[in-house]
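J.:
Numbering (our numbering), first residue to last: 7 to 158.
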């Protein structure tokens, strides 16, 4: 059973039912599930708000220009907050083939470069704008990024 209480700005999921589950690499089985979840959501107008998470790897000096472009395209909004993101440092590796023009290092050599893992969220309907802004602002010939559907 699922109840929906959108008229007061909350969504209530109340599930008490048998479901079929299959753990990764495991056997299919039937389980009885009791689940209750209440989450504050912005009021919906006609359809569900679907969000995505973008994870992209950028050189440290490109962090602010890439963030600015993503935010201008509609990313980084959570409720009444804007320009929301998270980042941490790491090391990126790559080997550029014969037809590449690496922004860092040289083709034909495996490179190890300092990079930042940048994460932010965006509404699904802004996907093309956000990815277009990412590609335009990112200094790499082939930016490495992932996009995840968010369930919330």
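Here a beta-carbon is modelled for each residue, glycine too, at the ideal position from N, C-alpha and C. Keep in mind it's a predicted model, so treat the numbers as computed, not measured.
Given residue 80, which residues of its chain have a CB within under 8 Å of its CB, disregarding the five upstream and five downstream residues?
T.: 128, 129, 132, 135 and 136
J.: Can the beta-carbon of residue 154 be found closer than 9 Å to that of residue 109?
T.: no
J.: Let me confirm a value: residue 7 is counted as buried when at least 16 other C-beta atoms fall within 10 Å, else exposed. Which label applies?
T.: Confidence at residue 7 is low in this model, with a pLDDT of 39, below 50, so the placement of that residue is unreliable and no value is reported for it.
J.: Within the continuous beta strand (DSSP E) that includes residue 98, where are the two ends?
T.: That run of the beta strand (DSSP E) goes 92-101.
J.: Give every residue of the same chain whose Cβ lies closer than 6 Å to the Cβ of residue 77, excluding the five residues on either side of it in the sequence, and list them in chain order.
T.: Here the set comprises 89.
J.: Relative to the C-alpha of residue 96, which candidate in 56, 140, 65 and 152 has its C-alpha closest?
T.: 65
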